[in-house]
Amino acid sequence: MQMKKNKTTIFIANILFVAVCAGLFYFLWSAPPETTAHLPNDDNHAPFLHMKKKEAEKHCKKCHSPKGIAPLPADHPPKYRCLFCHKRQQGAGM
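Counting with this note's numbering, you get residues 340 to 433 for the letters of the sequence shown.
1. How many angstroms separate the CA atom of S404 from the CA atom of M390?
2. Do you know how far the Cα of W368 is from the Cα of I354?
3. In terms of residues, what are the limits of the alpha helix (DSSP H) holding H403?
4. Use the C-beta contact count for C402: other C-beta atoms within 10 angstroms, 16 or more gives buried, fewer gives exposed.
5. Span of the alpha helix (DSSP H) holding A385?
6. So what's M390 in DSSP terms, helix, strand or just coil?
7. From which residue to which residue does the alpha helix (DSSP H) around L422 run?
8. Can you tell which of Y419, I351, N383, T375 has its C-alpha closest to the C-alpha of E394?
Below, the structure written as structure tokens:
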């Protein structure tokens with residue numbers, strides 16, 4: 340009787356594991372597409388394309404501060420991880 344109970348418990352655990360994996364897969368599969376603009380591939384941003392992320396992000400505030408030439412909107416998310424959202428073009432940078 341104990342052997343049958345162990346097999347049933349293992350079977351239920353396996354079914355539960357598969358259900359959780361399927362739910363996680365569905366959640367990730369149905370995620371919306373990426374909508375954040377990439378880092379512009381222009382002369383202003385060219386020096387930052389080949390820097391490491393942390394190094395490049397140190398220079399963003401020069402132009403994107405409230406008094407810079409291209410200030411960020413007030414409702415912009417945290418401003419210290421620019422390249423986390425604004426990815427570089429494929430093949431550029433590290």
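Even glycine gets a Cβ: it sits at the ideal position worked out from N, Cα and C.
In brief:
1. 20 angstroms
2. 21 angstroms
3. 399-403
4. exposed
5. Per DSSP, A385 belongs to no alpha helix (DSSP H) and is neither H nor E.
6. coil
7. 421-424
8. Y419
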